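Read through the structure below, which is laid out as structure tokens, and then see the notes.
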Amino acid sequence: MDENKITLTLKKINKYYPSPKSKHAVHALSDIDLEFVPGWYGITGNNGAGKSTLFQILTGYLKPDSGQILINGSVVNTRSKDYKKMLGYMPQQQMLYESMTCLQFMNYIGSLKGLKGKEKKEQVELFLEKTHLQEKKNVRISALSGGMKQRLLFAQSCLGYPDLILLDEPTAGVDPNERENIQNIIKELCEGRIVIMSTHILSDIEKLVKKEIHLSEGIVVENRDIV
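Going left to right, the sequence shown walks through residues 10 to 236 as our numbering numbers them.
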């Protein structure tokens, strides 16, 4: 992949939520200005800092109340098919369909991304193999360990070879050995892409992230390179 292929720019992104205890709305995100090029970024902050809201806006689940999102300098509709094709999203485990097998789940997500026939089959097989889940492809998701579920969620985010990958707490709830395995797989498969992860795991920051963006009360309070 050409490492100059994609840029992501956030300009003055604001999001408000109604407050049940006040007449004044809660300012969940305040004038967020960020620039992303291919590389690794960690979004950190305490509960309520705005991490989830930012991810929901980037995935198109929420619309900002003001501001713009640009891809390669052009304003983009995050709910458009073109944007969805360039996006890979790894949600947390509650988003899994527990009654499906790994293969069924991957085929389902592949179809949602517009993959068909031989192309879909090849990509599903490839990313199950890359995430060490090939032998589990006919096992129901409900029977998987926490680490396997995390790997499956990451595998589906790679379908379609997206330029922009969003990872929501990719190693949360797994043991240290499995966490290192997941980190290594993510690092291998995401080279040359914009990868933005929300994490509170120190080893994720140390091993994966090149830049940390720290949010507090909806404001970027730190945007630093990781040495």
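Built from N, CA and C at the ideal position, the CB exists for glycine as well. Everything numeric in this text was worked out from a predicted model, so none of it was measured.
I22 is positioned such that its CB atom lies closer than 8 Å to that of P73. With a cutoff of 8 Å on beta-carbon distance, L217 and Q192 are scored as near each other.
Judged by DSSP in its simplified three-state form, G97 adopts strand. Assignment of beta-bridge partners to T53 by DSSP yields H223.
Secondary structure at S75: strand, using DSSP grouped into helix, strand and coil.
Counting along the chain, V133 sits inside the alpha helix (DSSP H) bounded by residues G126 to K139. Looking from the CA of Y25, the closest CA among L153, V85, G201 and I41 belongs to I41. With contacts defined as CB atoms closer than 8 Å, I174 and G97 qualify as a contacting pair.
Using a 10 angstroms sphere on the CB of M104, the tally of other CB atoms stays under 16, which defines it as exposed. Residue range G155 to C167 is occupied by the alpha helix (DSSP H) that includes A164.
For T18, there is no enclosing alpha helix (DSSP H); the residue is found in the beta strand (DSSP E) stretching over L17 to Y26. A buried status is given to K158, since no fewer than 16 other beta-carbon atoms sit within 10 Å of its beta-carbon. Counted as a single uninterrupted DSSP element, the alpha helix (DSSP H) harbouring E187 occupies residues P185 to L198. DSSP lists E221 as the bridge partner or partners of R233. One alpha carbon belongs to T87, the other to K93, and they sit about 7 Å apart. Residue pairing from DSSP leaves R88 without any beta-bridge partner.
In the three-state reduction of the DSSP assignment, L121 falls in the helix class, which pools H, G and I.
Around the Cβ of A152, a 10 Å sphere holds fewer than 16 other Cβ atoms; the residue is exposed. As computed with DSSP, I41 is found in a beta bridge with I22.
When beta bridges are read from the DSSP output, M109 appears opposite no residue. Contact between R188 and S212 holds: their C-beta atoms lie close to 7 Å from each other, under 8 Å. The C-beta separation of S207 from F64 comes to about 6 Å, placing the pair in contact by the 8 Å criterion. With contacts defined by Cβ atoms closer than 8 Å, Q132 and G119 form a contacting pair.
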